[in-house]
Structures are given as C-alpha cells and as structure tokens.
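As you go down the protein sequences, you meet chains A, B, C and D in turn. Each residue of the first sequence is one higher than the one before, starting from 1 at the first, in the UniProt record's numbering. Each residue of the second sequence is one higher than the one before, starting from 1 at the first, in the UniProt record's numbering. Each residue of the third sequence is one higher than the one before, starting from 1 at the first, in the UniProt record's numbering. Each residue of the fourth sequence is one higher than the one before, starting from 1 at the first, in the UniProt record's numbering. Every residue gets a Cβ at the ideal spot worked out from N, C-alpha and C, and that includes glycine. The structure presented is a predicted model; accordingly, all values stated were derived computationally and were not measured. Below is one structure, written out as structure tokens; the observations come after it.
There are 4 protein chains.
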Amino acid sequence: MTAKVAILGASGYTGAELVRLIATHEGLEIAALSADRKAGMDMADVFPFLRHLTLPKLQKIDEIDFTGIDLCFCALPHATTQQVVSALPRNLRIVDLSADFRLRDPAAYERWYGQPHAALDLQAEAVYGLTEFYRDEIAKARLVAGTGCNAATGQYALRPLISKGCIDLDDILIDLKAGVSGAGRSLKENLLHAELSGGTHSYSAGGKHRHLGEFDQEFSAIAGRPVLVQFTPHLLPMNRGILATVYVKGDPKVVHETLATAYAAEPFLKVLPFGALPSTRDIAASNYCHIGVTGDRIPGRTVVIAVLDNLTKGSSGQAIQNANLMLGLPETQGLLLAPVFP
Amino acid sequence: MTAKVAILGASGYTGAELVRLIATHEGLEIAALSADRKAGMDMADVFPFLRHLTLPKLQKIDEIDFTGIDLCFCALPHATTQQVVSALPRNLRIVDLSADFRLRDPAAYERWYGQPHAALDLQAEAVYGLTEFYRDEIAKARLVAGTGCNAATGQYALRPLISKGCIDLDDILIDLKAGVSGAGRSLKENLLHAELSGGTHSYSAGGKHRHLGEFDQEFSAIAGRPVLVQFTPHLLPMNRGILATVYVKGDPKVVHETLATAYAAEPFLKVLPFGALPSTRDIAASNYCHIGVTGDRIPGRTVVIAVLDNLTKGSSGQAIQNANLMLGLPETQGLLLAPVFP
Amino acid sequence: MTAKVAILGASGYTGAELVRLIATHEGLEIAALSADRKAGMDMADVFPFLRHLTLPKLQKIDEIDFTGIDLCFCALPHATTQQVVSALPRNLRIVDLSADFRLRDPAAYERWYGQPHAALDLQAEAVYGLTEFYRDEIAKARLVAGTGCNAATGQYALRPLISKGCIDLDDILIDLKAGVSGAGRSLKENLLHAELSGGTHSYSAGGKHRHLGEFDQEFSAIAGRPVLVQFTPHLLPMNRGILATVYVKGDPKVVHETLATAYAAEPFLKVLPFGALPSTRDIAASNYCHIGVTGDRIPGRTVVIAVLDNLTKGSSGQAIQNANLMLGLPETQGLLLAPVFP
Amino acid sequence: MTAKVAILGASGYTGAELVRLIATHEGLEIAALSADRKAGMDMADVFPFLRHLTLPKLQKIDEIDFTGIDLCFCALPHATTQQVVSALPRNLRIVDLSADFRLRDPAAYERWYGQPHAALDLQAEAVYGLTEFYRDEIAKARLVAGTGCNAATGQYALRPLISKGCIDLDDILIDLKAGVSGAGRSLKENLLHAELSGGTHSYSAGGKHRHLGEFDQEFSAIAGRPVLVQFTPHLLPMNRGILATVYVKGDPKVVHETLATAYAAEPFLKVLPFGALPSTRDIAASNYCHIGVTGDRIPGRTVVIAVLDNLTKGSSGQAIQNANLMLGLPETQGLLLAPVFP
C-alpha cells in the first residue's frame, strides 16, 4: 500500500529533494506537484535531473484536487505558507518545511520574523518536527513544522546535554558552517559561483539569525528556564552540508557518554568514538547525522561537532521521516540511502 | 533471495561506490571485502561515509573463503587484476572493473598497456561489459570486463550511429571532459584540491589515452572495417561526471532519430529532445546517461553530447547492472536511485 | 606622468578587473567611475576587495566631467554601449569592452545581435582590439573594440595558421571550456554556486554563439575567402579561465613551428614546447596566454590548445594593453603581474 | 638598487608565492633557488605558472654560492630548517617561513613539536616575524621567524585587545576556517580534490594544533600572565584564505574602537566599520588583512572576525614585508597588489 502525497513548492531545492527521495520510497506516491510561476511545465524542464521519473505536471495550488491525497508536503517560502496552509482542506495531513509554524509563541514569531502571525490557530496546532524528540506527537499530528536546518544541527549536539544538566547553560556557543543550498534558489550576487566559490564569510553574526528563535524555544523548554546561546553562521563554498562546532563547558567524557547513550538506538544519529571528528562529506545526500566529541586542552571545556545534510536530514529527509510516522509507515522507510562520496 | 557477493579492492572509489549502491540493493548481500594494505580495518575507518552499514572487516584476498559466494566484484588496479583473477576459483562469477580484460586482441592489449597479457585464457573468456550492447552474452558469462568510463560515454554517443551507417566513419572526434574521481585515489600533486580546483587542462591529448583501445575494438567490430577516432580528454574541477562532446559528419535529425530509436526502451539511456543539451549535474551519483543532439551551423555536421557519472554508470553502477543479469535478477534492481542535485 | 582614465560600468566584473590592474599601473590614474544603479556608492561597498584603494565615488555617466580625462574604458552591457558612446565627447579616446563595435559589417552585427546597429559611424571608426594583430591601428585609434574573450582565445590559436596557409580552412573545430566569470554578474539560476559547481554542460552549441561573428570576420579577412569554423563552448565550474581545444588538419610540427615563430617576440603569448599541454591554472589573474600543440595519432591532424584568463587577457588586461598603446605608454606597463597559483 | 635574494625550498607553495611576489617587486632580484629533489630543473617545469619569468635553475642548497646574496628566504619543512639554517653563512640575513624559530622557549618548542630544538643559539637570536608588532626588532634582525598563518590571523584579531585589557583573558575562543594551501603540497588522501571539495571538517580540535604554541607565547607576553585560548581549526574547500572567528567577552564598541585605533596607520590591516563582516574573497592573493567586529545579542560578548590569505599575508607576503624592513626598503614595496576577485 502506498500513500498519495502532494508537494507544494516543487520548483525549489527542498521540493526537488522530496521528489528525489520519494522516487525510491516504496510507501509514497506523488499525486500532485505545485509551482505557481511554473505551472503547466513538466518537472523535467525545471529539474532535468528528475527526467527519468513519471511525474504529474506542475500546477497552481488551487488547481490541485486534494481528494484522495493522504499527506501534503509544503515547501513554500516563509510567510506565504501561512496563507496557503490556511486554505488547505482541514483534514489534510501536512508536513511544512517553511519557518512559519516552528515557533509556538506568537510574540517570538513576530520578533524573529518581523510581522504578526496570520494563522494563529494553525500555529497552536503545529508540532515541532525534530523527529527524535517529538516522535509521539508527530505520529498523532495533523500539521508538523519542519525545523530549521541549522536549528536541527545545533539541537542534535545539545539537547541531551541540556536535559541531563551536564553543561553550563549560560555559556553555549555554536559556530556553524553551512553549504549554500540552504539559501535556496535565490538569485543574489553573493550566491553566484563567481562570488561564493573559493572563499568564506560569516553572515547574521551576533545573534541575528532567525534559527535562534528555535534554539531559544527548545533549549529553554528543556531546561525549564531561559537559555540563550551564541550562534554565528558562516557560508562555505559547498552545496550541501552543515557543520556545527558547539563549544560547551562540561566534562568531555560525560558529554560524550551522554550523547552516545541518548542516541544509541537512533537509526540516523551516529555518535563517533570519543575524539573522532566528523566531516560533512560523510553524510552528503543522506539522512544521517554524525556527532563527534572531544575535550579541549583547557579542563572542563568540550567541543561537540555535529554534521548533517541541510537538504536531507535538515529538511526534506526529516520531512519524510515525519511523514512516515504520520502515515504509520516504518520511520526509516525510503531514507536509508547511503551518503554519496566522493 | 539475495546473492552473496565479495568486493576485491574495497578501499578505492569504485569499491566504495559498489558498497554504496549495494547498501540499498535488496538482491545483493556483501559477504566479503578485501583491501590488501588495509586488511584488518573496518570499512568505516577507511570510508566513514559507510559508517551506518554493518559490513565484514577488510581482509587480504587470500584470507577470503569464497564458498557460498555467488559473484565477485574485482575493483583492483590494472595489471595486478590478471594475477588475482587467475587465482580465484574457476567457478566464481566475476565482474571486473579494471582494464585487464577489456581488449580481446592480446596484441592490442600489449600495445595500449605496455606489457604482454598474463592471463590469455581469461582474456579470451571475458565478455565486454557495455550492458546495453552485450546483454545476452553478459547474462551467460562467467567473467565480465567492465568498460572504461570514458569508453562507455563515447560508445553510448556513437555505437548506433556507426551500426546504422549514418555518419562519416573517417572523421569522428571525441572531446571529453572528465571529473577527477576517474583518476582514483592516487596521490599525485595535480590531483590535490589546491592544484586541480579552479582550472582545467587536457591530458593524454593526441591519441594517447588507453580507452582508445576500446573505441578501436568496438567501433571497428561494428563497422566491419577499421575505425579510428580522435579522442582528447580534459580534467575538470569536479568530482563526478563525464561529458563527451562528439563531433560527427552526418545529418543532425537522422543522428537524433537513430539514437532515440536505438535507446527508446533502455531504462538508463535517455535521449533528450533535439537541440536540448545535457549536463553532468543531472546524472550525478546515478546510473543514468543523458544524450543530446544538435546540428552545427555548417550543414552535415552534428554534435552529440553524452553525460554519465564515471563512478556509477561508468563503472560501479554498470558492474551491478551486469551482475544483476548474471545472477538472474531484474537488470535495474538497486540502480534506480535518482541523481543528486544540487 | 600618468594619464587620467574613466571607467564606465565599474560595478561589473570587467570594470572591477580594470580597477584591480590599474591599482598597480604607474602610468594610469582613475579619475572617474560610473555605475548607474549604484551611483553615489563607494566602490568599496560594491567590491570590498578594493577597499584599500582611494577611488572616486560611483557616478551616473552624465554626471562625469570628461575634461582632462585622457581615455575612457567602457565596460557596459552590449547594446546600451552604442548609445552611451555616441553621447561621449568626440575627442575622447575610448577602449570599449562590450560587443558593440567588434563587427565591421553592419549586416553581420544585425545577424548575430538581433538588431540593427545604432551607431554606424562609430562602428566604422572602431579598430578591432586584438592587440598583437592590430598594434599600429590601435596606437592611432580613437575607439578600440575589445574582442570577445572566447574569440581572443580561438584567434591566438589559429590566426598564424590561417595566414600561413598550413591548415585545411574547411575543417577547423574549436571546442572551448570557459569559466563562469565570463557570464558576468548576471543573476541566473544556472550561475548560482549550487547549480554550477561540480558539473559541466555545453551552451550555444551548434554554431549559435555570438563570438562566431568575430571568428568569421577575422578568419575570412586573413584567408581572403570565407572561413567558417565549428565552435562549441562549455561552461565549467571555475571562475576564471578559458581553454580552447582547437582541432585542425595540418602537420603538427609545422603548426607548432608556425605559432612559435609568429609569437617569438610577443611578451604575453607563450608557445610551449611541442607536446606540452597548457592549463588555465597557469595563467589565472594574469595577462599571459599559453599555447600548446600536439599531433594526433591520425596523421595530418593536430590539436592546438590555448589558455587565457577571460577577465584579464580576454578583456580588461587586453583593454589596458590597448590603452597603453593609445596613450604612448609601454605596451606591457602594469600587465606583468604573475599568475596566481594555487 | 635591488637586493639579491635566494629562496630555499622553491618547489613548495610558499616558495612559489615568494617568486610570484618578487616578480613585480622592483627592489628584489632572485639570485638563487633551491629544491633538493628537483635540483637541475627549471622552475617553469615545477611551476608552469612562472614560465614567463627568467629565473635561475633549481639547485641543491650546498651548490648555492651565497656570495653577494643579501638575504635568504627559507621555505623548507619544519625540523630540517634548523639544520639547514645552522649551516648557512653566519652573516647572511634570513627570513624563515618554517615553524622552527617561532617559539622562544626551548621547552615549549619541544612540547609542541615533539623533539628538542637542534639550534638553540639560532632560536635565541630569532625575532618573531609579526611585522606590525616587531618592526624595530625585525629591521635590526639577522634571522626572522615567520609566524604561523593561523597564528597571524588570530593575533591580528586579539593583540590590541589583550594589551589594552578590554576583554576577559580567561575566555577567548578562536574558531578558525582555513583553505587547503596551508597544508602545503603534501600528498595525502584527504587533500585530494575528490575528498576535500564540497565538504568541511575540523582537525586538531581540542587544543592540539601547534600554532597554539605561538598564541600562548605571544598573548602571555603581552598580558604579563599566562593566557590560554581555545583554538579549533577547520579545513574548508578553498585554496587560499583563513577566516578566524574570535569570540571574546568585552564590550563590542570598545573592542571595535581599540582595533580601529591600533591599526589606523597600518597599510595592510583594515578594520571594517562596526558590524560589517569580512570575507576571505576580498583579500585573496593579497597582503591585506580585513577585520570586522560585531556585538552578540548577549550583552558583553563580542565577535571579532579576521581574514587574510595564508600564502600571502600569512607567510610569503609577510616574509617580504619583513625582508623589506631588514633591507631598508619601503615596507610596502612589492606588496600593494590588489586582491583578485572573483
């Protein structure tokens, strides 16, 4: 038995990644694809790498007949998503990949996204989509809010440490290195190959990046008190992958043991032997997350490094993992593809 | 039912690519892995991107018990392969990825590889592994010789044109652009990131590349007369992918029609609409080959462009496609993974 | 003594490259910079890599006072250039980097650029800017039309061969590999890092690229009869550099000798020893052009490979070389910067 | 007047970078080049990008006649340098680019480099080569020890802050991102293009990197008490450039003001306006260092980001800047080349 799914926003990178993963997922079947400005086109003309697949033509959202569709992936831009999802059938299961439903507190949403939320009822209903920590809620949810890709990476490194209380909550620093596909298919000069390749820079430094809203919400909820982390992202000349170097104050061996124990049974989260350092190359195009821990020469200081693929585990793979839960399919179905190297 | 396979030479890129593909191939199971200098190590230590898999430890070849193994992939360096395969059990099915058994004529082998062949009986037995053109022979073969990755790309563009006689056989030119993984894991200065990235150069120009031996053998056999092509490879700052720009003298529409007809039923060979130009990005990490055809402004001249991934369709994917045939499995099993983009 | 120059279109890559080169050119001083949409900005805000220089603010063209300016570099888009240059003072020396004045025949211009030329008098006056072949005319010219970067590369490989009559004029094929900065700062999806890196494709295949207009004009003029070449460009995942693989029918040694003799005294054109193959890495960010020649295994066929940096020798370096001649400065002044490697 | 220089170790990247820079340095002339294993070869055969220069042939060091040579650049591997320099004429001025003479304390040397120092007298004599902070000593020195490239980057961000006492000395964290040319021309699998491109990883995490020896020595000397920083380097898929993200506890505006004041008169150190973030792309292939400062959202925490080109300002450019001082030439001579972008 296969479930029928629709993908809204199929002309972006996360939409295309959903199609790539579903292509060999035996439990899901793509019944509809939307892309407003490219409605009427074949997916093969928008993404020739999908040429070998038989896919429905791209439609406008309001042309889609949702009858018989079991679940809808929503890979639309932030802000427009609220309006679109509000207009969808209320019985339709939705996995949203935008930022619109990640923050439970409307005030926090407004602060980080610069405008009031336009669908407060949906926001209240949405379950935060970090699968390993919200499994039961996700399995029962109608609307799941996919996490930010950077937010997921940082949380995999930190959540068990915060919940076990083995680090100083007032001195957590996340220095993050991200590939460029996380910026989407945006036409900006600094994303051109000529300008991005061969160099690196920081952006949104100093606590301005929106994914901080997720860190604040989640870490504070776990700790039962406000937790504010430092977070400085950098853009790297690579397409896929995020590496988060997380600096904490806590005992290195305890930190390692805590993470290894927390994730021992997780199919996609792999804690490396103590001292081993992960590489984004080793999880590219896969749903795996590798985590390494080492001690600093200064006693009591620990470095945790987590890597994942922003388009897979950081968004579209996570979305399918959540959809599997919502549809009663095996959680790992369609997601066991090995990373691609070199 | 799954067939048990061994992979000899598992510490190179084609060996690792075999493991990557077999990881989600439901008809194959890896029973043994060899890597002489790394014997005793875990595959996860040689290739951390395979860390999530449960795999046998790396062994020396002579430590492997071939009892119960249905098929052996041999991903060893050229020349040593002959000796290794000579010593393997004579009833073992073998898919070889080296150059050792590609050339049927011992004199041609000696000319292109600079030494006499050391296993003439095996060479005589081997079937050339370009799946789409040797299906029946491969299905019955004990020893299949995987093609050169450049040789495969050029042949997909040209074989139907030569067999249908729609191009001038005395004026065929292949200008080829190759990614660096085709050079293997060799430690050479010009393969370092610092020296390879950001630029391009030609190598083996002027008819010196060994894959010419395959072109000569195959094209001459099809034509029933000697056919010598020009072939100039270039190394590009990319890891995977080959693009062959093939210049022929013949009618563009006839050329396109000939290729489209020849490959209409092929699961992995996709001829684009006339005038559309393929990109290596659209077949990365997959077993697909895209072929485009366009006419030049000079009447009677045609440009055929074929792209494939050297590690997949050009070697390890091809090897599995052949193994599927040899083992009576569906030809496409395990090979329908979508390309990875971006 | 230094000459005062203006640069129109300073917010594009060729404009920035002019500033980079003039920064250490002791005979030129930048007196004005234009960039219509960015007028009022500091150059350091448009191109932070030029932050260390003291430069005039960006202006609109009609705000510039051309009194006292000895020469104007015009790095504007095609088509608008005609109008802008028409409105400039008639006594101002101009080196134009656009395509607008490259084709002497108005009909050829209209054919390749899709519209009639709007400044026929200027077109008639313009001298083609391939320095080594138009030195005397350039030294006396008021308006010099910089060549296409691909057109320059192909001509360096071929002009002496055509003028000496040592190759078959009816069978010349240029397979060209170009870095992405040649496409300028255009915001197009296929120029994004996420889409361009890691792969290659051909564009304008089949005789559609506009630089063919230059090849036709120049080669036919040298030969005294129509010469039509085949020309297929490819886009590579690198920022700077063009490599033209030129296939000719002619004796390899004669071809090499002809080129070596023709360029023996040229400061920027280096013919490698017979058989040596050039790399774009060896001329990056410099005004040098390297040319290699080798014979094919098929007698009478020769491969000539020329490499240059599209932004330097292919446009802005060439422009300064021409400006030096026009201003009576040493031709090589400011242009002897060594390539950058790695 | 030009000074005659020798370059020992001319077949590595820093050696080649010295030649590149000296090529347009009007005060220096290359009189001898050494490369032991490549003795007898032309530099153009080792580094074809230098083909246009007239250079002495590569020699073994003991073949060089140092008579008349004013200064010797030593770009040899660590450890062998001590022996080589010990055997050089005692009146010869030397700028060393290795790590051998950077640490004044023999015990510190032995701890970080794993063996006792073999030339203690030279080590005692050597002046640390961070030009802006040791100008007077360098001008009078016979032997100058070039700094580590990472060490230089971190120090430019931190020295004035430590000396002015405006940050917490017990909580300094340097997260560093480095291009691959810093690893030299070493033949290692992880430096191959196929393995390095498209991803990132940390190395020597946890306080193991040898450049910590320099940080400890210098920062403690400035502070007059032990200062231990955290330092985690990462390898990025780019050839040139280092970006150091330095996290300090101190007032952002005071930090910015302190750096801006300290470097106001420096020709190569550029402090950006408060809040502006530097990019390695903007200093590539140049001797400039850009420094940005921003405040974190957590009061009292500041992020300082410094970028420089490891081969230029981080080693060979620094070496020439020091040589200029030692030879009585203008400090900036030959070093004002603009960065290369894109």
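**Study point:** Alpha-carbon spacing of A31 of chain B relative to I94 of chain B, whole angstroms
**Key:** Going from the Cα of A31 of chain B to the Cα of I94 of chain B covers about 14 Å.
Check your understanding: According to the Cβ coordinates, are K249 of chain C and I167 of chain C closer than 8 Å?
Key -> In this structure, K249 of chain C sits near I167 of chain C, with a CB-CB distance shorter than 8 Å.
Review point. Among A:R240, A:Y288, A:I242, A:G241, which one has its Cα closest to the Cα of Y263 of chain A?
Key: Answer by Cα proximity: A:Y288.
**Study point:** First and last residue of the uninterrupted beta strand (DSSP E) at H256 of chain B
**Key:** Not the beta strand (DSSP E): H256 of chain B falls in the alpha helix (DSSP H), residues 252-262.
Review point. Which residue's Cα is closest to the Cα of E331 of chain B: B:I320, B:G114, B:G40?
Key: Between E331 of chain B and the set B:I320, B:G114, B:G40, the nearest pair of CA atoms involves B:I320.
Check your understanding: Counting contacts by CB-CB distance shorter than 8 Å, is P89 of chain B in contact with chain C?
Key -> No, P89 of chain B lies away from the interface with chain C (no Cβ there is under 8 Å from its Cβ).
Review point. Given that a residue counts as buried once 16 or more other Cβ atoms are within 10 Å of its Cβ, and exposed if not, what is S86 of chain B?
Key: Flag for S86 of chain B reads exposed.
Practice item. Using the Cα positions of F215 of chain D and L21 of chain A, report the straight-line distance between them to the nearest angstrom. Key: Distance between the alpha carbons of F215 of chain D and L21 of chain A: 47 Å.
Point to revise | For Y128 of chain B and A75 of chain C, the rounded distance between their alpha carbons | key: Roughly 55 Å separates the two Cα atoms.
Review point. For F231 of chain A, which option in A:A244, A:S220, A:A221 has the closest C-alpha, if you only look at C-alpha atoms?
Key: It is A:A244.
**Study point:** Which residues DSSP lists as bridging G292 of chain B, in chain order
**Key:** BP columns for G292 of chain B point to B:I305.
Point to revise | Unbroken alpha helix (DSSP H) run spanning R111 of chain D, endpoints | key: Unbroken alpha helix (DSSP H) run through R111 of chain D: 106-113.
Exercise for review: Pull up the distance between the alpha-carbon of K270 of chain B and that of D100 of chain B, whole angstroms please.
Suggested key: The alpha-carbon atoms of K270 of chain B and D100 of chain B are separated by roughly 29 Å.
Exercise for review: Could I get the ranges of all uninterrupted beta strand (DSSP E) runs contained in the UniProt domain "Semialdehyde dehydrogenase NAD-binding" (4-141) of chain B, with 3 residues as the minimum, in chain order?
Suggested key: The qualifying runs are 28-34, 71-74, 93-96.
Check your understanding: Does the beta-carbon of M1 of chain C have 16 or more other beta-carbons within 10 angstroms, so that it is buried, or is it exposed?
Key -> With fewer than 16 other Cβ atoms within 10 Å, it is exposed.
Review point. At what residue ranges does the stretch 191-268 of chain A contain a whole run of the alpha helix (DSSP H), taking only runs of 4 or more?
Key: You should have 193-196, 211-223, 252-262.
**Study point:** Where the beta strand (DSSP E) containing L325 of chain A begins and where it ends
**Key:** Segment 317-326 is the alpha helix (DSSP H) holding L325 of chain A; no beta strand (DSSP E) there.
Review point. For N310 of chain B, is the classification buried or exposed, using 16 other Cβ atoms within 10 angstroms of its Cβ as the cut-off for buried?
Key: It is buried - the Cβ of N310 of chain B has at least 16 other Cβ atoms within 10 Å.
**Study point:** Residue-level contact to chain C via CB, Y13 of chain B, 8 Å cutoff
**Key:** Not an interface residue.
Point to revise | Members of the stretch 196-209 of chain D that neighbour chain A once the beta carbon cut-off is set at 8 Å | key: Going along the stretch 196-209 of chain D in chain order, one finds S197, G198, G199, T200, H201, S202, Y203, A205, G206, G207, K208 with a Cβ nearer than 8 Å to chain A.
Exercise for review: Figure out for me which residue from D:L336, D:R104, D:D136, D:E17 has the closest Cα to the Cα of Q217 of chain D.
Suggested key: Relative to the Cα of Q217 of chain D, the nearest Cα in the group D:L336, D:R104, D:D136, D:E17 belongs to D:R104.
**Study point:** Proximity to T258 of chain B [Cα-Cα], best of B:G165, B:R111, B:L236
**Key:** Ranked by Cα distance from T258 of chain B, the options B:G165, B:R111, B:L236 are led by B:G165.
**Study point:** M43 of chain D to P116 of chain C span [Cα, whole Å]
**Key:** If you take the alpha carbons of M43 of chain D and P116 of chain C, they lie about 52 Å apart.
Check your understanding: Roughly how many angstroms lie between the CA atoms of E189 of chain B and S98 of chain C, to the nearest whole one?
Key -> One C-alpha to the other measures close to 39 Å.
Practice item. Express the C-alpha separation of L337 of chain C and H25 of chain D in angstroms, rounding to a whole number. Key: If I take the Cα positions, the gap works out to 10 Å.
Practice item. Using only the heavy atoms of the ligand GDP, determine whether one of them is closer than 7 Å to the beta carbon of S98 of chain C. Key: Only the bare structure without any ligand can be found here, which leaves the ligand GDP out of the picture.
Check your understanding: In terms of residues, what are the limits of the beta strand (DSSP E) holding L158 of chain A?
Key -> Boundaries for L158 of chain A: no beta strand (DSSP E) harbours it, while the alpha helix (DSSP H) harbouring it runs 149-164, taken from the DSSP string.
**Study point:** Stretch pair the stretch 54-65 of chain A + the stretch 31-41 of chain A: three plus CB contacts closer than 8 Å
**Key:** With a cut-off of 8 Å, the stretch 31-41 of chain A and the stretch 54-65 of chain A count as touching, because enough Cβ pairs lie within range.
Practice item. Go to I174 of chain D, then tell me how far its beta strand (DSSP E) extends in each direction, as first and last residue. Key: Note, I174 of chain D: beta strand (DSSP E), 173-178.
Check your understanding: Do the stretch 222-241 of chain C and the stretch 169-178 of chain C make contact, defined as three or more Cβ pairs closer than 8 Å?
Key -> Yes, since at least three Cβ pairs between the stretch 222-241 of chain C and the stretch 169-178 of chain C fall closer than 8 Å, the two stretches touch.
Practice item. Please determine if the stretch 194-208 of chain C and the stretch 277-286 of chain B are in contact, where contact requires at least 3 C-beta pairs separated by less than 8 Å. Key: With the rule of 3 Cβ pairs closer than 8 Å, the stretch 194-208 of chain C counts as touching the stretch 277-286 of chain B.
Review point. Can you list, in chain order, the residues of its chain whose CB lies under 7 Å from that of P252 of chain C, leaving out five sequence neighbours each side?
Key: V293, T294, G295, T302.
Review point. So which residues on chain C does N239 of chain B lean against when the C-beta distance must stay under 9 Å?
Key: What N239 of chain B touches in chain C: G198.
**Study point:** Outcome for H78 of chain D when other beta-carbon atoms lying within 10 angstroms are tallied against a minimum of 16
**Key:** Classification for H78 of chain D: exposed.
Point to revise | Sheet register partners of L143 of chain A (DSSP bridge) | key: BP columns for L143 of chain A point to A:I94.
Check your understanding: Along chain D, in chain order, which residues have C-beta atoms closer than 9 Å to that of D282 of chain C?
Key -> Contact of D282 of chain C with chain D by beta-carbon distance below 9 Å involves F47, P48, F49, L50, R51.
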